[in-house]
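> Start counting the sequence shown at 4; every next residue gets the next number (my numbering).
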Amino acid sequence: MRKLDIAIAGCGIAGLAAALLLHRQGHCVTLYERFEAPQPVGSGLMIQPTGLAVLAKLGLAAEVMAAGAPVDALLGLNTEGEPVLEASYADLAMPQAFGLGIHRANLFGALYAAVQAEGIAIHTGHAVEGSSLEGEARMLAFSHGSQSPPHDLVIDAAGLGSTLVPKAAEWLPFGALWATVQWPDAGPFDRRLLEQRYARAEQMVGLLPLGEGKAAFFWSLMGADHTRWHERGMAAWRDEVCQLWPACEAVVTQLREPEQLTFARYAHRTTRKAVGERIVHIGDSWHAASPQLGQGANMALLDAWGLAQAIGAANDLPAALRHFLHLRKGHVQLYQWLTWTFTPPFQSVSVWPAVFRDHFMAPGSRLGPFRRMKAATLSGLLGSPLARLGLEAPDYPSLAASASSIRARASSLAQS
Ligand SMILES: Cc1cc2nc3c(=O)[nH]c(=O)nc-3n(C[C@H](O)[C@H](O)[C@H](O)COP(=O)(O)OP(=O)(O)OC[C@H]3O[C@@H](n4cnc5c(N)ncnc54)[C@H](O)[C@@H]3O)c2cc1C
């Protein structure tokens with residue numbers, strides 16, 4: 004295909020990855036982002052083999068791995084101490100695979116630095132309000148009243164709150180309070196586990212290792228209860244957490260002020276038409292979901308890769324956008340359905356989803372073939388997205404070795 008002039012709305016994970024891939028194909032890329040300057044917002048997330056495969060293609064996998072923490076398995080116990088969610092990366096047919104717990108700012112930082120290093124144009128302070136077609140081009144309209152120049156293609160990577168999709172995302176009743184804490188060295192926590200505790204499906208507390216001596220702590224909370232949580236005060240809340248998971252004392256003593264926690268409201272939306280005339284929605288603007296399965300950032304990276312592959316292979320833009328849909332639609336639909344189905348057993352006020360989880364889902368999932376299926380589901384590999392996108396499974400042993408030498412170099416630089 005000829006060289007395209009591409010506008011990307013949103014400088015998040017999907018937008019930055021798409022910008023790098025398309026710029027490297029020789030297209031002219033401009034990013035438009037509403038923030039004035041990047042800030043280290045948010046807390047932790049998990050990078051799955053799917054996301055890491057794309058980061059490897061971008062040449063960023065070892066760097067990202069050096070900043071994160073390897074996680075071998077997910078373990079969730081109910082109040083009776085019974086394991087009701089266990090999934091291990093060792094059950095994958097992928098040597099030495101693991102999930103990577105990482106602070107969102109570190110993943111963002113690696114992508115953003117690469118975009119800046121390659122001289123891709125970024126216009127910050129540009130909040131996109133809408134777009135319009137004019138002849139053979141699409142233009143973006145910004146909240147301060149100006150318009151972009153005409154572009155051959157607009158990539159909507161503006162996430163959950165995108166203004167370019169016809170339907171806003173629906174808030175789910177539950178969200179969670181998130182905080183980045185120091186890893187509790189004295190505590191009984193396993194550095195290579197993502198651990199969670201549940202009281203029915205009404206309460207969930209979890210700790211995700213992040214690397215660099217940090218962890219992400221999360222506590223599920225209904226949107227409607229957020230004000231009451233503030234009013235009750237931190238001491239009462241810390242007691243509640245420790246009642247559910249006493250070991251968390253070493254974590255919650257670090258949390259003295261409500262401002263140390265960010266309330267993230269979760270939402271679910273699948274944009275019905277992911278492609279239109281000279282526009283394509285990728286990442287959360289196409290498919291937002293609760294982070295229960297920890298896939299959103301990884302799906303955003305797969306979308307970016309799929310779109311670049313489709314553009315690289317097609318002769319014209321409409322064919323490229325059709326091919327993109329063909330590459331990604333099945334996997335997106337599968338995970339939107341899985342996330343929608345498996346969120347209530349972990350976040351619901353009704354008792355029945357938890358009863359189903361503890362008495363049917365958990366025992367059933369321990370049976371032979373389901374172990375591997377569980378690991379594949381957690382890793383984002385169900386539906387074979389890598390093969391479909393022509394991606395190789397990440398080479399964990401060699402990436403881990405490169406990550407250790409990056410860490411060693413950084414620590415000797417810090418000492419000198
Ligand atoms: C608490 C929490 C935990 C999560 N945990 C995980 C996890 O463990 N693993 C995982 O894979 N995913 C996780 N996710 C989901 C993941 O963060 C998202 O799916 C992912 O960030 C989507 O990437 P994106 O690029 O589509 O959107 P975003 O990362 O949200 O980026 C969108 C960008 O667009 C910009 N923008 C928005 N509106 C406009 C506008 N009008 N004009 C211009 N710019 C705009 C934003 O400022 C932002 O920079 C989690 C999400 C939350 C909230």
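Virtual Cβ for every residue (Gly too), placed ideally from N, Cα, C.
Is residue 31 helix, strand or coil by DSSP?
Within the sequence shown, the letter at position 28 stands for residue 31. It is a strand residue.
> Quick check: is any heavy atom of ligand 1 less than 7 Å from the C-beta of residue 1?
One cannot answer for residue 1 here, as it falls past the ends of the chain, which runs 4 to 419.
> By Cβ distance below 7 Å, which residues in the same chain neighbour residue 203 in space, the five residues on each side in sequence not counted?
If you number the sequence shown from 1, residue 203 lands on position 200. Cβ within range, chain order: 354, 357.
> Specify the secondary structure class of residue 215 as computed by DSSP and reduced to three states.
As a first step, residue 215 must be located in the sequence shown, where it is residue number 212. The answer is coil: DSSP assigns residue 215 none of H, G, I, E or B.
> If you measure from the CB of residue 32, is any heavy atom of ligand 1 nearer than 7 Å?
As a working mapping, residue 32 is identified with position 29 in the sequence shown. No - ligand 1 has no heavy atom lying nearer than 7 Å to the Cβ of residue 32.
> Quick one: what's got a C-beta closer than 7 Å to residue 21's C-beta in the same chain, skipping five residues either side?
Here residue 21 is taken as the residue at index 18 of the sequence shown, counted from 1. Correct list, in chain order: 11, 158, 160, 285, 307, 310, 311.
> Give the DSSP-derived three-state secondary structure of residue 268 in the structure shown.
Numbered from 1 along the sequence shown, position 265 holds the residue referred to as residue 268. Of the three classes helix, strand and coil, the one that applies to residue 268 here is strand, per DSSP.
> Going by CA-CA distance only, name the one from 131, 215, 207 that's closest to residue 71.
If you number the sequence shown from 1, residue 71 lands on position 68. Ranking the options by Cα distance to residue 71, first place goes to 215.
> Can you determine whether any heavy atom of ligand 1 sits closer than 7 Å to the C-beta of residue 68, and answer yes or no?
For the purposes of this step, residue 68 is identified with residue 65 of the sequence shown, where counting begins at 1. No, the beta carbon of residue 68 sits no closer than 7 Å to any heavy atom of ligand 1.
> Considering only their Cβ atoms, is the gap separating residue 50 from residue 105 smaller than 8 Å?
Working through the sequence shown from its first residue, we reach residue 105 at position 102. Working through the sequence shown from its first residue, we reach residue 50 at position 47. Cβ atoms of residue 105 and residue 50: closer than 8 Å.
> May I have the straight-line CA-CA distance separating residue 289 from residue 249, to the nearest angstrom?
Indexing the sequence shown from 1 puts residue 289 at position 286. Indexing the sequence shown from 1 puts residue 249 at position 246. In a straight line, the C-alpha of residue 289 is about 40 Å away from that of residue 249.
> Only counting the same chain, and skipping five residues up and downstream in sequence, which positions put a Cβ closer than 8 Å to that of residue 121?
For this step, residue 121 is matched to residue 118 along the sequence shown. The answer, listed in chain order, is 23, 26, 27.
> What's the gap between the Cα of residue 341 and the Cα of residue 185?
For this step, residue 341 is matched to residue 338 along the sequence shown. For this step, residue 185 is matched to residue 182 along the sequence shown. Approximately 32 Å between the Cα atoms of the pair.
> Does the beta-carbon distance from residue 179 to residue 143 come in below 8 Å?
Numbered from 1 along the sequence shown, position 176 holds the residue referred to as residue 179. Numbered from 1 along the sequence shown, position 140 holds the residue referred to as residue 143. No; because the gap between Cβ atoms is not below 8 Å, this pair is not in contact.
> With H, G and I counted as helix, E and B as strand and the rest as coil, what does DSSP make of residue 374?
Counted from its first residue, the sequence shown places residue 374 at position 371. Here residue 374 sits in helix by DSSP.
> Please give me, in chain order, every unbroken run of the beta strand (DSSP E) with length at least 3 that falls completely inside the segment 78 to 115.
If we require 3 residues or more, the beta strand (DSSP E) runs fully inside the segment 78 to 115 come out as 86 to 91, 102 to 106.
> Report yes if the CB atom of residue 337 is closer than 8 Å to the CB atom of residue 386, and no otherwise.
Along the sequence shown, read from residue 1 onward, the residue named residue 337 stands at position 334. Along the sequence shown, read from residue 1 onward, the residue named residue 386 stands at position 383. In this structure, residue 386 lies closer than 8 Å to residue 337 by Cβ.
> Please name the residue or residues paired with residue 196 in a DSSP beta bridge.
In the sequence shown, residue 196 corresponds to position 193, counting from 1. Looking at the DSSP assignment, residue 196 forms a beta bridge with 76.
> Answer yes or no: does any C-beta atom of chain D fall closer than 8 Å to that of residue 332?
The displayed structure is made up of one protein chain only, and chain D is not part of it.
> What does the alpha-carbon distance come out to for the pair residue 13 and residue 19?
Position 10 of the sequence shown, counted from the first residue, corresponds to residue 13. Position 16 of the sequence shown, counted from the first residue, corresponds to residue 19. Distance between the alpha carbons of residue 13 and residue 19: 8 Å.
> Roughly how many whole angstroms lie between the Cα atoms of residue 406 and residue 262?
Residue 406 sits at position 403 when you count from the first residue of the sequence shown. Residue 262 sits at position 259 when you count from the first residue of the sequence shown. Computed Cα separation, rounded: 33 Å.
> So, do the segment 319 to 328 and the segment 162 to 180 have three or more beta carbon pairs nearer to each other than 8 Å?
Not touching, per the Cβ criterion.
> Within this structure, are the beta carbons of residue 349 and residue 207 separated by less than 8 Å?
Here residue 349 is taken as the residue at index 346 of the sequence shown, counted from 1. Here residue 207 is taken as the residue at index 204 of the sequence shown, counted from 1. Contact flag set, yes.
> Tell me whether residue 35 counts as near ligand 1, meaning its Cβ is closer than 7 Å to at least one heavy atom of that ligand.
In the sequence shown, residue 35 corresponds to position 32, counting from 1. Yes.
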